[in-house]
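A.B. asks: If you scroll down you'll find the structure; I have some questions about it.
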Amino acid sequence: MLETTIAGSLPKPSWLAEPLRLWAPWRLAGAALEEGKRDATLLAIKEQEDAGIDIVTDGEQSRQHFVHGFLEHLAGIDFSRRVTMGIRRDRYKAEVPTVTAPLRRLGPVHAVEAKLARAHTARKLKFTLPGPMTIVDTIADAHYGDKIKLAMAFADVLNQEARELEAIGVDVVQFDEPAFNVYMDEVRDWGIVALERACTGLRCKTAVHICYGYGIKANIEWKQTLGREWRQYEETFPVLARSSIDQVSLECANALVPVSLIGLLKGKDVLLGAVDVATEVVESPEMVAATIRSALPHVAPERLFPCSNCGMAPLSRELAVGKLKALSAGAALVRRELDSTQRARA
Ligand SMILES: [Zn+2]
Numbered sequence: 066m067l068e069t070t071i072a073g074s075l076p077k078p079s080w081l082a083e084p085l086r087l088w089a090p091w092r093l094a095g096a097a098l099e100e101g102k103r104d105a106t107l108l109a110i111k112e113q114e115d116a117g118i119d120i121v122t123d124g125e126q127s128r129q130h131f132v133h134g135f136l137e138h139l140a141g142i143d144f145s146r147r148v149t150m151g152i153r154r155d156r157y158k159a160e161v162p163t164v165t166a167p168l169r170r171l172g173p174v175h176a177v178e179a180k181l182a183r184a185h186t187a188r189k190l191k192f193t194l195p196g197p198m199t200i201v202d203t204i205a206d207a208h209y210g211d212k213i214k215l216a217m218a219f220a221d222v223l224n225q226e227a228r229e230l231e232a233i234g235v236d237v238v239q240f241d242e243p244a245f246n247v248y249m250d251e252v253r254d255w256g257i258v259a260l261e262r263a264c265t266g267l268r269c270k271t272a273v274h275i276c277y278g279y280g281i282k283a284n285i286e287w288k289q290t291l292g293r294e295w296r297q298y299e300e301t302f303p304v305l306a307r308s309s310i311d312q313v314s315l316e317c318a319n320a321l322v323p324v325s326l327i328g329l330l331k332g333k334d335v336l337l338g339a340v341d342v343a344t345e346v347v348e349s350p351e352m353v354a355a356t357i358r359s360a361l362p363h364v365a366p367e368r369l370f371p372c373s374n375c376g377m378a379p380l381s382r383e384l385a386v387g388k389l390k391a392l393s394a395g396a397a398l399v400r401r402e403l404d405s406t407q408r409a410r411a
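Residue numbers for the sequence shown follow my numbering, beginning at 66 and rising by one.
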């Protein structure tokens, strides 16, 4: 119980990409870049294992951007037709490519790093993909002419990729849907339908990560407008509870999210953000333990997975490793407490 995991990304080594930057440009090219990505993937796994993380990821070492890193491998998208648009309901401007023809996978997107990761860890392995709704919110469309049709087309190509990852031996496929905290009505009307379509036929665990974004300025300012309590999850969780998705990853450390909202996720695994990704301080194991304890009245420990709030890509490596260790140490503290209560009862 209380198996630890992370939202997905870890910082890249400075020889691979410029450090301390989100979506940092690569420092290598061609064959050296491909080799560098593979080496960094092995390091990311080793660092998670050494820190005691139970369900590891590839640290997203092979992609620059969590959405565009997937889109680059699809036909039907014109990267030379770039449009500047306000994304996440105009929270920030992004330069996005345009869908100009039917979407199709050009080939496997993450097979190389997934096979490599699978071959080099005996632990459970999670792989992350962008969710259909968040992709639709991060791209211009000149072909489908309808958001929902576009989302379903993305769901189909995501499903092909997810099935392949499952066949490689990935234990958890997670879809990142930060847009789920922004477009509440659309999430209910079609966002979760598109997500389930992306998960069609999967027998491995399926997860969705919903958060308030990386610790960048636009997100920190947005959070300040959300009031004294962040209740966005309150609208989506009941719908997710009725869906076929197995796990929900949410932000809880240093957040104004009322932890009781996870009680709305009956029957689901909860990946509880217990380390913040927007601070320069490493949490103490006791701080992590306190966040985990706060969730226990609302979810069974077997269904509770201590996690990071969001991706750690823009942090320093030292900070990220510190947070990984704090996460597993905090989980270990609570695990010991639960074990001794159980023994006392027996
Ligand atoms: Zn996130």
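By construction, the Cβ of each residue, glycine as well, lies at the ideal position given by its N, Cα and C atoms.
With a threshold of 6 Å on Cβ separation, who are the neighbours of Val419 within its own chain once the five nearest residues in sequence on each side are excluded?
C.D. replies: Not covered by the structure: residue 419. The range shown for the chain is 66 to 411.
A.B. asks: Curious, which full-length alpha helix (DSSP H) runs of at least 4 residues does the stretch 227-278 contain?
C.D. replies: Whole alpha helix (DSSP H) segments, 4+ residues: 257-263.
A.B. asks: Anyone know if the C-beta pair for Ala207 and Ile285 falls short of 8 Å?
C.D. replies: Here residue 207 corresponds to residue number 142 of the sequence shown, with the count starting at 1. Here residue 285 corresponds to residue number 220 of the sequence shown, with the count starting at 1. No, the Cβ-Cβ distance between Ala207 and Ile285 is not below 8 Å.
A.B. asks: Is DSSP giving Lys388 helix, strand or coil here?
C.D. replies: Your numbering for residue 388 matches position 323 in the sequence shown. In this structure, Lys388 counts as helix in the three-state DSSP scheme.
A.B. asks: Can Phe376 be considered in contact with ligand 1, in the sense that its beta carbon sits closer than 7 Å to one or more heavy atoms?
C.D. replies: Residue mapping note: residue 376 aligns to position 311 of the sequence shown, counting from 1. Rather than Phe, the amino acid found at residue 376 in this sequence is Gly. Yes, since a heavy atom of ligand 1 falls inside the 7 Å radius drawn around the Cβ of Gly376.
A.B. asks: Secondary structure at Ile285, three-state DSSP: helix, strand or coil?
C.D. replies: Here residue 285 refers to the residue found at position 220 when the sequence shown is read from its first residue. Reduced to three states, the DSSP call for Ile285 is helix.
A.B. asks: Can you tell which of Arg170, Asp221, Val201 and Ile110 has its C-alpha closest to the C-alpha of Glu137?
C.D. replies: Position 72 of the sequence shown holds residue 137. Comparing Cα-Cα distances from Glu137 to each of Arg170, Asp221, Val201 and Ile110, the minimum goes to Arg170.
A.B. asks: How should Arg153 be labelled, buried or exposed, when 16 other C-beta atoms within 10 angstroms of its C-beta is the threshold for buried?
C.D. replies: The residue you call residue 153 lines up with position 88 of the sequence shown. Buried, because 16 or more other Cβ atoms sit within 10 Å of the Cβ of Arg153.
A.B. asks: Within the continuous alpha helix (DSSP H) that includes Leu181, where are the two ends?
C.D. replies: One-based indexing of the sequence shown puts residue 181 at position 116. Run containing Leu181: Ala176 to His185, per the alpha helix (DSSP H) assignment.
A.B. asks: Using only the heavy atoms of ligand 1, determine whether one of them is closer than 7 Å to the beta carbon of Asp202.
C.D. replies: Position 137 of the sequence shown holds residue 202. Result no, Cβ not under 7 Å from ligand 1.
A.B. asks: Is Pro90 closer than 8 Å to Glu100 when the C-beta atoms are compared?
C.D. replies: Stepping through the sequence shown from its first residue, residue 100 is reached at position 35. Stepping through the sequence shown from its first residue, residue 90 is reached at position 25. No.
A.B. asks: What residue range is occupied by the uninterrupted alpha helix (DSSP H) comprising Ala360?
C.D. replies: What you label residue 360 is simply residue 295 of the sequence shown in a count that begins at 1. Looking at the DSSP string, the run of the alpha helix (DSSP H) that includes Ala360 is Pro350 to Ala360.
A.B. asks: Which word fits Trp255, buried or exposed, when buried means at least 16 other C-beta atoms lie within 10 angstroms of its C-beta?
C.D. replies: Locating residue 255 in the sequence shown gives position 190, where the first residue counts as 1. Result: buried.
A.B. asks: For ligand 1, is there a heavy atom less than 7 Å away from the beta-carbon of Ala409?
C.D. replies: Here residue 409 corresponds to residue number 344 of the sequence shown, with the count starting at 1. No, the Cβ of Ala409 stays beyond 7 Å of every heavy atom of ligand 1.
A.B. asks: Going straight from the alpha carbon of Ala396 to that of Gly234, what length do you get?
C.D. replies: Here residue 396 is taken as the residue at index 331 of the sequence shown, counted from 1. Here residue 234 is taken as the residue at index 169 of the sequence shown, counted from 1. For Ala396 and Gly234, the distance between alpha carbons rounds to 26 Å.
A.B. asks: Please name the residue, chosen from Ala116, Glu345, Leu361 and Gly266, that lies closest to Glu226 on a Cα-to-Cα basis.
C.D. replies: Residue 226 sits at position 161 when you count from the first residue of the sequence shown. When only C-alpha atoms are compared, the closest one is Gly266.
A.B. asks: Quick check: what's the CA-CA separation for Lys212 versus Thr203?
C.D. replies: Mapped onto the sequence shown, residue 212 falls at position 147. Mapped onto the sequence shown, residue 203 falls at position 138. The straight-line gap from Cα to Cα measures roughly 12 Å.
A.B. asks: When DSSP labels each residue in this structure, what does Leu398 get in the three-state scheme?
C.D. replies: Counting from one through the sequence shown, the residue named residue 398 turns up at place 333. Reduced to three states, the DSSP call for Leu398 is helix.
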